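Visitor: If you're matching them up, the sequences are chains A and B in order. In terms of our numbering, the first sequence is numbered consecutively and its last residue is 118. In terms of our numbering, the second sequence is numbered consecutively and its last residue is 116. C-beta: ideal position from N, C-alpha, C; glycine also. If you're wondering where the values come from, they're calculated on a predicted model, not measured in any experiment. Just dropping this structure here.
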Amino acid sequence: SAVISQKPSRDICQRGTSLTIQCQVDSQVTMMFWYRQQPGQSLTLIATANQGSEATYESGFVIDKFPISRPNLTFSTLTVSNMSPEDSSIYLCSVGLLRGETQYFGPGTRLLVL
Amino acid sequence: AQSVTQLGSHVSVSEGALVLLRCNYSSSVPPYLFWYVQYPNQGLQLLLKYTTGATLVKGINGFEAEFKKSETSFHLTKPSAHMSDAAEYFCAVSDSRGNDYKLSFGAGTTVTVRA
Numbered sequence: 005s006a007v008i009s010q011k012p013s014r015d016i017c018q019r020g021t022s023l024t025i026q027c028q029v030d031s032q033v034t035m036m037f038w039y040r041q042q043p044g045q046s047l048t049l050i051a052t053a054n055q056g057s058e059a060t061y062e063s064g065f066v067i068d069k070f071p072i073s074r075p076n077l078t079f080s081t082l083t084v085s086n087m088s089p090e091d092s093s094i095y096l097c098s099v100g101l102l103r104g105e106t107q108y109f110g111p112g113t114r115l116l117v118l
Numbered sequence: 002a003q004s005v006t007q008l009g010s011h012v013s014v015s016e017g018a019l020v021l022l023r024c025n026y027s028s029s030v031p032p033y034l035f036w037y038v039q040y041p042n043q044g045l046q047l048l049l050k051y052t053t054g055a056t057l058v059k060g061i062n063g064f065e066a067e068f069k070k071s072e073t074s075f076h077l078t079k080p081s082a083h084m085s086d087a088a089e090y091f092c093a094v095s096d097s098r099g100n101d102y103k104l105s106f107g108a109g110t111t112v113t114v115r116a
């Protein structure tokens, strides 16, 4: 497995502002993913962030709202832009290990937008 | 495309009793199957997975699951529940023939354990 950390662990933000979430891995990985978990719900994939290429967004998620950076093989950021209360969720990053098929998750960032 | 159905959003068991969480999947290609557990205020932890080979897979904390292709199922069991098993459990599936390994998650099952 891998040790995955996320910063911040939680935050309370005002509507209209933006928050950048960091994901750090203790080893080099090609595949990284960002998920959203809305209150009491399951996980939904936001985008795949592979190093050396642009992030690939899932249906319903757009780059202007959730810009992603992947500057190297151990780090990625997800920005939640122009936040509204509907963005209140847990945001999790994961990495694909072994051949990439097994994902390990970070501890998540708990975001509350007022 | 893949999808997952978890039967039962809440399961309550007595300490020491069998835990059975049901997961059925839909996939047009051979799937990779996973169970994750989420404890309160934590991220997801991998319990076990099926990719190829033996259809009965053992995971951490005494859990195991059996891949049944004919039933398109991957149910999770533990013979004897412990209070520490109280958590949310997610079944997930990905496409074994693709190279993007995107996971599709079920809705989750919350397990409570009665003393």
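(1) Using CA coordinates, which residue listed in B:Ala18, B:Tyr33 and B:Ala93 is at the minimum distance from Ala108 (chain B)?
(2) Could you check the C-alpha separation between Thr24 (chain A) and Thr113 (chain A) for me, to the nearest Å?
(3) With DSSP as the reference, label Lys103 (chain B) as helix, strand or coil.
(4) Note down, in chain order, every chain B residue with its Cβ under 7 Å from the Cβ of Phe109 (chain A).
(5) Is there contact here, the stretch 61-75 of chain B with the stretch 87-94 of chain A, by at least three beta-carbon pairs under 8 Å?
(6) By Cβ distance, which residues of its chain are closer than 6 Å to Arg120 (chain A), with the 5 residues on each side in sequence left out?
(7) Work out the CA separation of Ile94 (chain A) and Thr125 (chain A) for me, nearest whole Å.
(8) So Ser95 (chain B) and Glu105 (chain A) are supposed to be a Cβ contact under 8 Å. How far apart are they, rounded?
(9) Less than 8 Å between the CB atoms is what I'm expecting for Tyr90 (chain B) and Thr113 (chain B), so what's the real figure, rounded?
(10) Just tell me which of B:Thr56, B:Leu57 and B:Thr78 has its CA closest to the CA of Gly117 (chain B).
(11) Helix, strand or coil for Lys70 (chain B), going by three-state DSSP, please let me know.
Guide: Taking the geometry as given:
(1) Residue B:Ala93 is the option with its Cα nearest to Ala108 (chain B).
(2) About 10 Å.
(3) Three-state DSSP puts Lys103 (chain B) in coil, outside helix and strand.
(4) Within 7 Å Cβ-Cβ: Gly44 and Leu45.
(5) Touching, no.
(6) Residue numbering for chain A in the displayed model covers 5 to 118; residue 120 (chain A) lies beyond these limits and cannot be assessed.
(7) Residue 125 (chain A) lies beyond the residue range present for chain A, which begins at 5 and ends at 118; the question has no answer from this structure.
(8) Right, the Cβ-Cβ distance comes to about 6 Å (below 8 Å), so this counts as a contact.
(9) So it is not a contact: roughly 12 Å between Cβ atoms.
(10) Because chain B in this structure spans residues 2 to 116, residue 117 (chain B) falls outside the shown range and cannot be described.
(11) In the three-state scheme derived from DSSP, where H, G and I count as helix and E and B as strand, Lys70 (chain B) is classed as helix.
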